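Undergrad: When we follow this note's numbering, the leftmost residue of the sequence shown carries the number 6, and every step to the right adds one.
The beta-carbon is built from N, C-alpha and C at its ideal position, and this holds for glycine as well.
Fair warning: this is a prediction, and the values are worked out from it, not measured in the lab.
I am attaching a structure below and will ask some questions about it afterwards.
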Amino acid sequence: MLYFFILGDVLGAGVYVLVGQIAAESGGAVWVPLGVALCLALLTASSYAELATKYPRAGGASHYATLAYGPFAGFLAGFCMLAAGIVSVAALARGFGGDYLAVFVSLPVALVAVVFLAALALLNARGISESTRANVVATVIEVGGLLLVAGLGAWVVLRGDGDLSALTRLGTPEHGPAAAVLSGSVLAFYSFVGFETSVNVAEETRDPRRSYPRALFGALATAGLVYAVVGVAAGAAVDTKTLAESSGPLLEVVEAAGGVPPWLFGAVALVAVANGALLTGIMSSRLAYGMARDGLLPGVLTKVLPGRRTPWAAIAATTALSLLLAVTGDVATLASTLVLLLLVVFFTVNTAVLVLRRDEVPHGHFRTPTTVAVLGALSCVVLATQIEREVWTRGLLVLAVGALLGVLAAVRRRRRRSG
């Protein structure tokens with residue numbers, strides 16, 4: 006069950022929206038940056054496996070950063086996770102208003118984002134049980150859509166209309182092969198995020214030391230295989246230029262293959278995008294509520310609906326911020342901003358593993374090799390160097406706000422202790 010929980014969290018909307026953007030950065034060999042991103046994700050996942058089995062309790066990166074570096078670092082890690090969730094929902098809102106929706110109706114992306122985010126907020130506010138039931142159905146649909154793309158891509162190649170040579174083309178007029186792979190890997194990394202939230206349920210397994218690493222690595226490997234197959238299918242079946250210019254890249258594969266109505270796959274893709282945004286929106290609003298309850302964010306965010314007990318104020322605040330980002334940024338920029346924020350979190354986790362080695366616990370746990378933790382931290386630095394200046398400007402602004410709120414929270418905590 007833990008394996009499927011992680012797999013459902015990782016296999017999501019990112020690949021539906023970003024394959025074209027990855028092709029624009031890397032060329033036709035889309036599968037290469039997807040494979041590199043998987044390897045980099047596995048490095049950080051290994052650190053999470055050690056910490057989740059060593060400290061099997063909810064809290065995730067914020068808890069580990071607090072143990073290793075103190076409450077300020079813990080707050081900053083939690084704030085980056087919250088900001089990343091808000092940015093992710095904004096990126097998916099823009100993705101929802103792209104070519105997949107255009108199969109049915111052509112509307113301004115900003116208008117679609119407003120309606121889409123309002124609908125998600127209402128479902129989120131209605132209750133967690135309704136949201137999770139919708140997630141189960143949506144996950145089955147979105148995985149089926151990815152397998153359909155793989156099959157249709159193979160059909161295009163077998164009938165002689167594909168271009169297998171595109172699968173070895175790395176590089177663009179702006180980037181050589183090495184730079185193209187790294188640049189594409191930043192976007193591809195977005196498709197693998199989600200595994201980090203699984204640490205919050207590790208304590209609910211019967212034997213976390215044994216089951217969590219197996220479920221984590223197994224789910225990431227499965228997602229990587231599916232993504233690689235989808236990347237090969239898209240790269241071989243559709244011209245790279247067409248793929249790069251489309252906001253619904255996998256729909257291009259369906260149209261190239263024929264036999265499947267574009268509206269049917271468009272509906273599948275829209276379900277996948279909506280499901281990813283719903284899950285992330287739930288996480289963001291609950292995280293904002295929890296931080297406010299702990300006195301780390303304004304207390305108004307703790308307000309809940311009287312009957313359903315859902316955090317309506319946190320839902321409204323996170324939705325409003327996602328809407329602001331959705332109408333002011335594009336999908337690629339928002340995805341890169343998300344990755345930058347998570348790289349800060351992942352760097353903290355990879356280094357926290359080494360710092361906490363001096364903390365002995367009475368039970369056995371998974372232990373990642375020191376080299377792997379160091380490589381995980383270095384991979385975060387390398388990926389961060391590939392992020393554009395505009396994205397860094399946004400990211401540094403978010404980090405500055407987080408640092409300011411962290412200082413204010415520390416002052417309030419000190420005053421309470423003095424009182």
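In whole angstroms, what is the alpha-carbon distance linking valine 117 and leucine 153?
TA: One C-alpha to the other measures close to 27 Å.
Undergrad: Given a threshold of 16 other Cβ atoms within 10 Å of its Cβ, counted over all protein chains shown, does arginine 174 qualify as buried or as exposed?
TA: By the 10 Å Cβ count, arginine 174 comes out buried.
Undergrad: Pairs of beta-carbons, one from the region 330-338 and one from the region 80-99, closer than 8 Å: are there three or more?
TA: Yes: at least three Cβ pairs fall under 8 Å.
Undergrad: Measuring only the C-alpha atoms, how far is leucine 283 from alanine 233?
TA: Looking at the two C-alpha atoms, the distance is approximately 25 Å.
Undergrad: Verify whether the separation of the beta carbon atoms of serine 52 and valine 358 is less than 8 Å.
TA: Yes; because the gap between Cβ atoms is below 8 Å, this pair is in contact.
Undergrad: Answer with buried or exposed for threonine 177, where buried requires no fewer than 16 other C-beta atoms within 10 angstroms of its C-beta.
TA: Answer is buried; the Cβ neighbour count reaches 16.
Undergrad: Just the C-alpha distance for valine 108 and leucine 269, rounded to the nearest angstrom, thanks.
TA: If I take the Cα positions, the gap works out to 9 Å.
Undergrad: Pick from Ala82, Val350, Val344, Leu7: whose alpha carbon is nearest that of serine 188?
TA: Comparing Cα positions, the closest option is Val344.
Undergrad: Take the Cβ of glycine 240 as the centre, count every other Cβ of all protein chains shown within 10 Å, and call the residue buried at 16 or more, exposed below.
TA: When all chains shown are included, glycine 240 counts as buried.
Undergrad: Got a sec? Which residues, its chain only, sit under 7 Å from threonine 227 by beta carbon, not counting five neighbours each side?
TA: Taken in chain order, the residues that qualify are Leu12.
Undergrad: Is the beta carbon of proline 303 less than 8 Å from the beta carbon of valine 309?
TA: No; because the gap between Cβ atoms is not below 8 Å, this pair is not in contact.
Undergrad: Could you tell me the boundaries of the alpha helix (DSSP H) in which phenylalanine 352 lies?
TA: That run of the alpha helix (DSSP H) goes 336-360.
Undergrad: How would you call proline 38, buried or exposed, if buried means at least 16 neighbouring beta carbons within 10 angstroms?
TA: It counts as buried.
Undergrad: Taking only the alpha-carbon atoms, compute the straight-line gap between serine 67 and valine 412 and give it to the nearest angstrom.
TA: Taking the straight line from one Cα to the other gives about 16 Å.
Undergrad: Touch check for the region 377-394 and the region 346-363: three-plus C-beta pairs under 8 Å?
TA: Verdict: yes, contact present.
Undergrad: Taking alanine 224 as the reference, give the member of Leu330, Phe200, Val396, Ala322 with the closest Cα.
TA: When only C-alpha atoms are compared, the closest one is Phe200.
Undergrad: Output needed for tryptophan 36: all residues of its chain with C-beta closer than 6 Å, excluding positions within five of it in sequence on either side, in chain order.
TA: Ala233, Gly236, Val237.
Undergrad: Please determine, among Leu230, Asp14, Tyr21, Phe10, the residue with the shortest C-alpha to C-alpha distance to leucine 275.
TA: Measuring from the Cα of leucine 275, the nearest candidate turns out to be Tyr21.
Undergrad: So valine 186 packs on serine 31, CB below 8 Å; how close in whole Å?
TA: That pair is a contact at about 6 Å.
Undergrad: Looking at C-alpha atoms only, which residue of Thr356, Thr373, Arg219 is the closest neighbour of leucine 7?
TA: Measuring from the Cα of leucine 7, the nearest candidate turns out to be Arg219.
Undergrad: With a CB to CB cut of under 7 Å and the five nearest residues on each side skipped, what residues in its chain are close to alanine 195?
TA: For clarity, residue 195 is tyrosine in the given sequence; the question names alanine instead. Gly19, Leu23, Ala340, Leu343, Val344, listed in sequence order.
Undergrad: Could you check if serine 384 is buried or exposed, using at least 16 other CB atoms within 10 Å of its CB as the buried criterion?
TA: When all chains shown are included, serine 384 counts as buried.
Undergrad: Express the C-alpha separation of proline 374 and tyrosine 247 in angstroms, rounding to a whole number.
TA: For clarity, residue 247 is threonine in the given sequence; the question names tyrosine instead. Cα-Cα distance, rounded: 43 Å.
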